[in-house]
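> Numbering follows UniProt numbering, with no gaps: position 218 of the sequence shown is 218.
Idealized CB from N, CA, C, for every residue including glycine.
One structure follows; several queries about it will come next.
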Amino acid sequence: MDQDSSFKLSCIVADSAAFIRNVDLQSLGKRIFTIGEVIDEIRDCATKQRLSVLPYEIEFREPSSECLKFVSEFSKKTGDFKSLSAVDLRVIALTYQLEKEFCGVDHIRSEPTKKCVVVPKGKLSDKEISGFFIEKKVKVSGKKNDVNCKILTSANNSINVNNDQNFNSQSDNDQNDDDQNDNGESIEDQSEEFIKNQNNCFEDEFVENAEDDNNNDDDDSGWITPRNIEKIKEKMDNGDEVRLEDANIKCACLTTDFAMQNVMIQMGLHVVSVNGMLIRHARNYIQKCYGCYKETHNMEETFCPSCGNKTLLKVSVTIDSDGTVQYHYPKRGRNFNIRGTKFSIPIPKSGRHNTDNVVLCADQHIKTDRLPKRRDKINPLDPDYEARVSPFSINDTTSRAFIVGAHVKNSRGRNPNEAKKKSRKK
Numbered sequence: 001m002d003q004d005s006s007f008k009l010s011c012i013v014a015d016s017a018a019f020i021r022n023v024d025l026q027s028l029g030k031r032i033f034t035i036g037e038v039i040d041e042i043r044d045c046a047t048k049q050r051l052s053v054l055p056y057e058i059e060f061r062e063p064s065s066e067c068l069k070f071v072s073e074f075s076k077k078t079g080d081f082k083s084l085s086a087v088d089l090r091v092i093a094l095t096y097q098l099e100k101e102f103c104g105v106d107h108i109r110s111e112p113t114k115k116c117v118v119v120p121k122g123k124l125s126d127k128e129i130s131g132f133f134i135e136k137k138v139k140v141s142g143k144k145n146d147v148n149c150k151i152l153t154s155a156n157n158s159i160n161v162n163n164d165q166n167f168n169s170q171s172d173n174d175q176n177d178d179d180q181n182d183n184g185e186s187i188e189d190q191s192e193e194f195i196k197n198q199n200n201c202f203e204d205e206f207v208e209n210a211e212d213d214n215n216n217d218d219d220d221s222g223w224i225t226p227r228n229i230e231k232i233k234e235k236m237d238n239g240d241e242v243r244l245e246d247a248n249i250k251c252a253c254l255t256t257d258f259a260m261q262n263v264m265i266q267m268g269l270h271v272v273s274v275n276g277m278l279i280r281h282a283r284n285y286i287q288k289c290y291g292c293y294k295e296t297h298n299m300e301e302t303f304c305p306s307c308g309n310k311t312l313l314k315v316s317v318t319i320d321s322d323g324t325v326q327y328h329y330p331k332r333g334r335n336f337n338i339r340g341t342k343f344s345i346p347i348p349k350s351g352r353h354n355t356d357n358v359v360l361c362a363d364q365h366i367k368t369d370r371l372p373k374r375r376d377k378i379n380p381l382d383p384d385y386e387a388r389v390s391p392f393s394i395n396d397t398t399s400r401a402f403i404v405g406a407h408v409k410n411s412r413g414r415n416p417n418e419a420k421k422k423s424r425k426k
């Protein structure tokens, strides 16, 4: 690590990768912060021994619920919420909280940045106009078949020459037969010469390719060796990383998780690599449907807004300087979700506590769950009967319906379609 010993950040938030990689955090920041769950993630004995004899003090802090909520909502907008664990969200929230304390929140973004895409407008061809069909024109070659056709197949196969003209006299037929024999002999001679020339060319090319391969083996260009590894690292780091001395920052987070780096960089927080360099660029993602091949920039969508199916795939996107978009698909093939398309799904079951019903499309009706009605509401012998109107009354927090999440009240009041009790008129 080539960082200057005199320059240190005011505070640095350490993820588990900082301790596993044995990063010298003391030379990067004056105060080192983390949460208790990060230390619990470390399982190897070597890292635990290093933690027991650290030459600096680690300060443990817990992020506030406000910061945690802000980070969770922002990660949903960037599309990284599914890739982050609860510990990752708490580390990002702690970084956001310390950034507010040391630097303020003027530079923090509440919405992820979206780059402008330039789409070239081209004229529609006749094939793309719906409702029209234009038949392809067949190209007719102007050259007629010659009388004597030269056909080269191979050296072993014989060459046949056919004559399409019909002659009435027998003498003309004899002359044509003689001409065919002469032409056949000349074509055989030409074919043998052609094959010999081709074999010579193949031998020359094979020798040249072998010489080129030997020259390439001797040359080290394109290979990473101990002599050029430092230069290659510098070339790779110059585009995306900056020295901490050149950046005017006070607080940063050290992590190797790409999802965490993407969220923090788009928020405006600072991320430090294991080498002690400041990471500047983040990845941009969109969701592309592999059913209808439509795109959406809303990373919170679960179903495709075009076809309505659960066929959205997270794809990394880079935009060039001229506005062209490049999609970076994963090298390994992904097993797409075919749930509900191959086998029959179970029949939906009724009941307040049933959570196994499969949601297959965006417009599927989901029944609203409510808490059970209180049976002792009109019981005057209930010891809490008088305390029902009190704000300190006992609420239903132990039933299964409350634990599942059916405690949200309907703002519209009573359901008008609910069945009413029948009463006899006197």
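I need the DSSP call for L94, collapsed to helix, strand or coil.
helix
> Going by DSSP in three states, Q266 sits in which element: helix, strand or coil?
Q266: helix per DSSP, three-state reduction.
> With 16 other CB atoms within 10 Å as the buried threshold, where does Q266 fall?
buried
> Nearest-angstrom Cα distance between P112 and H297?
If I take the Cα positions, the gap works out to 11 Å.
> Let's see if you can read the secondary structure: which residues bound the beta strand (DSSP E) around Q287?
N284 to C289 is the extent of the beta strand (DSSP E) around Q287.
> Just the C-alpha distance for V274 and T255, rounded to the nearest angstrom, thanks.
7 Å
> Report yes or no: do three or more beta-carbon pairs, one from the region 64-79 and one from the region 246-253, lie closer than 8 Å?
no
> Look at the alpha carbon of V315 and the alpha carbon of V53, and state the distance between them as a whole number of angstroms.
43 Å
> Cα separation between V105 and E62?
19 Å
> Just to confirm the assignment, what range does the alpha helix (DSSP H) spanning G36 have?
G36 to E41
> Tell me the rounded alpha-carbon separation between G276 and G29.
Each residue's Cα considered, the two are about 10 Å apart.
> Could you check what DSSP says for G29 in three-state terms: helix, strand or coil?
G29 carries a strand assignment under DSSP once its states are collapsed to helix, strand and coil.
> So the alpha helix (DSSP H) V71 belongs to, where does it begin and stop?
S65 to T78
> Tell me, please, which residues DSSP counts as bridged to Q326.
T318
> Quick one: grab the DSSP three-state call for E59.
strand
> Residues in the same chain with beta-carbon distance under 8 Å from D68, minus the five sequence neighbours each way, listed in chain order, please.
The question names Asp, yet the displayed sequence has Leu at residue 68. Around L68: L89, R90 and A93.
> Under three-state DSSP, which class holds C361?
coil
> Rounded to the nearest angstrom, what separates V71 and I232 at their Cα positions?
In this structure, the CA atom of V71 is about 36 Å from the CA atom of I232.
> Compute the Euclidean distance between the alpha carbons of L269 and G36, then round it to the nearest angstrom.
22 Å
> Just the Cα atoms here: how many angstroms apart are N262 and N22?
23 Å
> Name, in chain order, the residues that DSSP records as bridge partners for L9.
G29
> By how many angstroms is the C-alpha of I338 removed from the C-alpha of Y329?
20 Å
> Does F167 come out as helix, strand or coil in the three-state DSSP assignment?
Caution is warranted here: a pLDDT of 40 is assigned to F167, below 50, making its placement in the model unreliable, and no coordinate value can be reported.
> Name, in chain order, the residues that DSSP records as bridge partners for residue 511.
The question about residue 511 has no answer here: the residues shown for the chain are numbered 1 through 426.
> Between D80 and A259, which are expected to be in contact by the criterion C-beta below 8 Å, what is the C-beta distance as a whole number of angstroms?
4 Å
> Give the secondary structure of S16 by DSSP, where H, G and I count as helix, E and B as strand, and everything else as coil.
helix
> Rounded to a whole number of angstroms, what is the C-alpha to C-alpha distance between F60 and I12?
12 Å
> Note down the Cα distance separating F7 from V38, rounded to an integer number of angstroms.
26 Å
> Going by DSSP, what residues sit across from C253 in a beta bridge?
In the DSSP output, where bridge partners are listed per residue, C253 has V13 and V271.
> So, for F33: in the same chain, excluding its five sequence neighbours on each side, which residues have a beta-carbon less than 8 Å away from its beta-carbon?
C11, I12, V13, A14, I58, E59, F60, R61, L94 and L98
> Is the separation between the beta-carbon of Y290 and that of T311 shorter than 9 Å?
yes
> Go ahead and pull the three-state DSSP assignment for L89.
helix
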